[in-house]
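Following: one structure in structure tokens, then a few remarks.
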Amino acid sequence: MTTAAPWFGETRRRPRHRLRRFVVEAASAALGAVIAIWSLIPVYKMFLVALDPIGHSEFAGEVWPPHPTVAAFVALWTEEADDVEHIWRQFGNSLYIGVPVMALTVLVASLASFAIGRMRLGKDWTLSSAALLTYVIPPSALIVPFFRVMHVYGLLDSPWAVVAAEVTFATPYAILVLQHYAKLIPIELDDAARIDGASAVQVYLFIYVPLMAPALAAVGTYALLFAWNDYFYQYMLLLSEKHTTVAVALEQFFDDDDAPWNYMMAIAVVYSLPPIAIFYALRRYMASGLAAGGIKG
Amino acid sequence: MSSLEQALVTGSAPVERPPRRHPRLHGSDFIWSIAFVLPYAGVFAAFVIYPMGYALWMGSDPALYRELLSDPRYLRSAVNTVLFLGIAVNVQMFLAFLLSGFFARRRRWIKVLLIIYLLPWTLPAVPAFLSFHWMLVANERGLINRLLSVLFGIDGPIWFSHGWLALAWNIVADVWKWMPLWTLIFLGGRMAISQDLYDAAAVDGASLYRRFAHITVPLLANLYCISTLISTIWTAGDYTPILFVSGGTSAFASDVLSTLGFHYALDFANPPLGVAASLSVVPLLIPVVILLMRRLQVSEVQL
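Spelled out as structure tokens, the structure:
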């Protein structure tokens, strides 16, 4: 192999280099523009409808609302219109499900991954492979059985039924991510602490949890997004109106042909804010937390 | 004399013993490790084994499957499911892999762009897909058709009156929503690759393409494989794009098996048939889950 090749004639080729760099920069700027438009068009559409006074801009073929107004957001805030009179209770219900799903997924998955990966309970992958069996039957096939099972448990129409279902489907992936990430932390740390007399609980609390923080943040965000994305479990397992969540309320707008779409899209915008806030608060951890352990070398 | 004292006396015994990969847990440690797994074991028994058993019991009657096979809507949904899974998963993984290279460039504006690009993933599914629906519905006046006619002078079709077009938009929406997650994961993978490898290859005169083909691709291959399998599993169980983007075209022409299951169970009030329709994806998922388990064990050996 000739190691000299790239150094050879470096100065002579400079004009070509400059041209190539310009082409690369121009191409990446164009790609960047395409990515921005691709990502933002549906978001733009949300605002387009939400800012419309009567919320029918999608029928008028407008690309920009002629009379933009925040009336829909004000109506949400004051709950003055009939269609949004319970909106803050519905937000409360969504949070009441989303936050426990996030906390319980992090807790249950981190405890399990600690016992399997760090305390070496069983061979590393036998137990987490068992967790993956959850994915053999898709969640869509389990909705009707869940209805039945929650009835047996006496949890029907309780937010905790939804929490249980969502934790069930979020945890296997969480365990997988945590186990991958845990490989970055030398097991000798645990051993040294044990020799110094730390108990298993102390190793979990003072070594595992702090060092796993990026992965725990990533897993928690994933669980919150999972709860926020879900619709059918909330629809099926919560029967009474006082437990209705925002996702279900949005679907009811969708079913109603005369619904004021500007309210619906204003709700959609506000509903999108909590996961976005959490994600951007924790974004430094996300990429490394989700993938870092998956690379060898 | 305890074994420790014995070792101290004889001196060399503990050093010579090969390190045991899985030392047997004993006493309080064993109890603690069981206690740590117990919450998940409880979740698994109560909310995985019981509902799964119930689902299998509900869908165990062969007559249900004869009924399904004689229904043209079921056959169409089965074809749609295969297309939806095959196209949506592979397109989003492949593009995410390429785009992760773009986002790995160290430029300030690319960091800002990444924040915008991740927005679809953080948006809740229901409002995001409803927004897609409103861009396409309302015939010639939806935002997409309006843009088509303003920019290119084309009259866009009525998207949701045609099953294949509706399916195509469901796929586009699914890719839009989930591609950012996989890009982020591949970006994390790329960042974990040591820069020394690239520097060494550059010194040896490897071109940009060869550095990509001989460093990035082999090192990310396992991550790509695992991600594809997980994405297949998630997409097979996801109903939101179909339910909210095309929102049910005539005769369920754009439905997949998971949403057809809902229609059977709720609209036609035949829960066992609905469960059977959703369960018919399982033969497809079993090999995927087995492959995933094997892949994870392989990566355990390699790491």
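So the sequences go chain by chain: F and E. Residues 38 to 334 (this note's numbering) are what the first sequence spells out, left to right. Residues 4 to 306 (this note's numbering) are what the second sequence spells out, left to right. Just so it is clear, CB atoms sit at the ideal spot from N, CA and C, and this is done for glycine as well.
Check: I want to see whether chain E comes within less than 8 Å of residue 76 (chain F), judged by CB atoms only; does it?; Outcome: yes
Check: Given that a residue counts as buried once 16 or more other Cβ atoms are within 10 Å of its Cβ, and exposed if not, what is residue 312 (chain F)?; Outcome: buried
Check: Can you name the residues of chain E whose CB is closer than 7 Å to the CB of residue 265 (chain F)?; Outcome: 127
Check: Kindly indicate if chain E contains any beta-carbon less than 8 Å away from that of residue 83 (chain F).; Outcome: yes
Check: Ends of the alpha helix (DSSP H) at residue 227 (chain F)?; Outcome: 224-232
Check: Any idea what DSSP makes of residue 244 (chain E), helix, strand or coil?; Outcome: helix
Check: Which residues of chain F have a Cβ atom closer than 8 Å to the Cβ of residue 92 (chain E), listed in chain order?; Outcome: Near residue 92 (chain E) there are no residues of chain F at all, since even the closest Cβ is about 14 Å away, more than 8 Å.
Check: If you count every other CB in all the chains shown that lies within 10 Å of the CB of residue 176 (chain F), and 16 or more means buried, which is it?; Outcome: buried
Check: Please list the segments of the alpha helix (DSSP H) lying wholly inside the stretch 64-125 of chain F, counting only runs of 4 or more residues, in order along the chain.; Outcome: 94-97 and 108-115
Check: CA-CA distance, residue 148 (chain E) and residue 157 (chain F)?; Outcome: 58 Å
Check: Am I right that residue 96 (chain E) and residue 185 (chain E) are in contact with their C-beta atoms under 8 Å? What's the rounded C-beta distance?; Outcome: 6 Å
Check: Could you check where the alpha helix (DSSP H) with residue 135 (chain E) kicks off and where it finishes?; Outcome: 128-139
Check: Tell me, please, whether the CB atom of residue 243 (chain E) is closer than 8 Å to any CB atom in chain F?; Outcome: yes
Check: For residue 118 (chain E), is the classification buried or exposed, using 16 other Cβ atoms within 10 angstroms of its Cβ as the cut-off for buried?; Outcome: exposed
Check: How many angstroms separate the CA atom of residue 90 (chain F) from the CA atom of residue 297 (chain F)?; Outcome: 10 Å
Check: Could you give the distance in angstroms between the alpha-carbon of residue 250 (chain E) and the alpha-carbon of residue 227 (chain E)?; Outcome: 32 Å
Check: Tell me where the alpha helix (DSSP H) around residue 39 (chain E) begins and ends.; Outcome: 30-47
Check: In chain order, what residues of the same chain have a beta carbon less than 8 Å from the beta carbon of residue 61 (chain E), not counting five sequence neighbours either side?; Outcome: 274, 275, 278 and 279
Check: Taking 8 Å as the CB-CB limit, is residue 117 (chain F) close to chain E?; Outcome: no
Check: Could you check the C-alpha separation between residue 147 (chain F) and residue 43 (chain E) for me, to the nearest Å?; Outcome: 10 Å
Check: What is the C-beta distance between residue 121 (chain E) and residue 291 (chain F), in whole angstroms, given that I count them as a contact (C-beta under 8 Å)?; Outcome: In fact, because the Cβ distance is near 26 Å, the residues do not count as touching under 8 Å.
Check: Show which residues of chain F have a CB atom less than 7 Å away from the CB atom of residue 54 (chain E).; Outcome: 179, 182, 183 and 186
Check: Please confirm if residue 42 (chain E) has its CB atom under 8 Å from at least one CB of chain F.; Outcome: yes
Check: Would you identify the three-state DSSP class for residue 74 (chain E), choosing helix, strand or coil?; Outcome: coil
Check: How long is the line joining the alpha carbons of residue 113 (chain E) and residue 209 (chain F), rounded to whole angstroms?; Outcome: 33 Å
Check: Classify residue 89 (chain E) as buried or exposed, calling it buried when 16 or more other Cβ atoms lie within 10 Å of its own Cβ.; Outcome: exposed
Check: Taking 6 Å as the limit between beta carbons, can you name the residues of its chain near residue 325 (chain F), skipping five residues before and five after?; Outcome: 251
Check: By the criterion of Cβ-Cβ separation under 9 Å, what are the contact partners of residue 275 (chain F) in chain E?; Outcome: The premise fails here: residue 275 (chain F) is roughly 15 Å from chain E at the closest Cβ pair, so nothing lies under 9 Å.
Check: Output the boundary residues of the alpha helix (DSSP H) element that contains residue 178 (chain F).; Outcome: 176-190
Check: Pair every Cβ in the stretch 261-281 of chain F with every Cβ in the stretch 198-206 of chain F, then say whether three or more of these pairs are closer than 8 Å.; Outcome: yes
Check: Roughly how many angstroms lie between the CA atoms of residue 110 (chain F) and residue 87 (chain F), to the nearest whole one?; Outcome: 8 Å
Check: Could you tell me whether the Cβ atoms of residue 318 (chain E) and residue 284 (chain E) are closer together than 8 Å?; Outcome: Chain E is shown only over 4 to 306; residue 318 (chain E) falls outside these bounds and no answer can be derived.
Check: Would you mind sorting residue 265 (chain F) into buried or exposed? The rule is 16 or more other CB atoms within 10 Å of its CB.; Outcome: buried
Check: Thinking just about the alpha-carbon of each residue, which of F:279, F:220 and F:73 is nearest to the one in residue 248 (chain F)?; Outcome: F:220
Check: Short of 8 Å Cβ to Cβ, which residues in the stretch 108-140 of chain F face chain E?; Outcome: none
Check: Only counting the same chain, and skipping five residues up and downstream in sequence, which positions put a Cβ closer than 6 Å to that of residue 268 (chain E)?; Outcome: 274 and 277
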